[in-house]
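*Asks:* Count the sequence shown with mature numbering (1 follows the signal peptide of the UniProt record, and there is no 0) and you get residues -20 to -1, 1 to 108, in order.
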Amino acid sequence: MKASITVVVVLLATVAYVAAQIGGGYAQGRLDGIDVDTILNNNRVLKSYVNCFMDEGPCTPEGREGKKYFPEMYKTNCAKCTENQKTLVKKTIKAFISKRKSDWDKIVDKYDPDHAHDKDFLKWVNEP
């Protein structure tokens, strides 16, 4: 479960980072200051985001924003994302699926219990 949330957190952090760099797309506002590398390299911070996304702990304001955007991003293949956001989201998801497939599956189970969007999302993630 912890790794599942990791994927969501990384996805959120990636989107926030890109939004901060270029503006537009998702995650404007509270997410503009998120540093993806800090989250990925700090287990304590990462765990708090994971707990937030899995409804197992409190959320920071940034965590609430990311949790709000993730389901739509997943269901629409990041349709509202900027090009840079799409690039970073794809890179992040690919890395987590290759390293923590079972955790990714848990996240999908939470946000897409019928797996109605899983195949399309993964196809989109693997497009160049």
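Don't be surprised by glycine CBs; every beta carbon is placed ideally from N, CA and C.
1) Tell me whether P93 sits in a helix, a strand or coil according to DSSP, three-state version.
2) How would you write the range of the alpha helix (DSSP H) that E107 sits in, first residue to last?
3) Take every Cβ of the segment 33 to 47, pair it with every Cβ of the segment 64 to 84, and state whether three or more of those distances are shorter than 8 Å.
4) Write down the C-beta distance between K47 and C32 rounded to the nearest angstrom, noting that I regard them as a contact closer than 8 Å.
5) Which of helix, strand or coil does DSSP assign to C39?
6) Return the CA-CA distance between Q65 and E36, expressed in angstroms with no decimal places.
7) Alpha carbon to alpha carbon, how far is K55 from P93? Give it in angstroms, no decimals.
8) Pull up the CB-CB distance for H95 and V88, whole angstroms please, since I reckon it's below 8 Å.
9) Measuring CB to CB, does N57 end up less than 8 Å from D98?
10) Would you kindly check if the distance between the Cβ of M34 and the Cβ of K90 is under 8 Å?
*Replies:* Result, derived from the coordinates:
1) coil
2) Run containing E107: none; DSSP gives neither H nor E here.
3) no
4) Rounded, the Cβ-Cβ distance is 6 Å, consistent with contact.
5) coil
6) 27 Å
7) 12 Å
8) 6 Å
9) no
10) yes
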